[in-house]
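All residue numbers for the sequence shown refer to numbering that gives the first Met the number 0, where the first residue is 0 and numbers rise by one.
Notes follow the structure.
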Amino acid sequence: MPILVLDKDDPEKEFEFELEYMLSLTFEQRFAMMEQRMKELNILLEEHGHQKPFEVLKRL
């Protein structure tokens, strides 16, 4: 993974760098990254006390 080095904060260059990197990946690679990040975030949420939402059961 390439690394961006800047002397000063430059949001525009950061955005261009990120966009160029994401465009260099295939759809499958981007999707795999997204899935991995979702798993990591779910683990962090559960570790910090967040739970899955309860299910509403319909009574017959």
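Note that beta-carbon positions come from the ideal geometry of N, C-alpha and C, so glycine has one too.
Note that the coordinates shown come from a computational prediction; the quantities given were computed from them, not determined experimentally.
| Item | Value |
| --- | --- |
| Rounded separation between residue 9 and residue 3 - CA only | 11 Å |
| Cα-Cα separation, residue 31 to residue 7 | 32 Å |
| Distance between beta carbons of residue 29 and residue 37, contact taken as under 8 Å | Actually they do not touch by this definition, with Cβ atoms about 13 Å apart. |
| Contact check, residue 18 vs residue 12, beta carbons under 8 Å | no |
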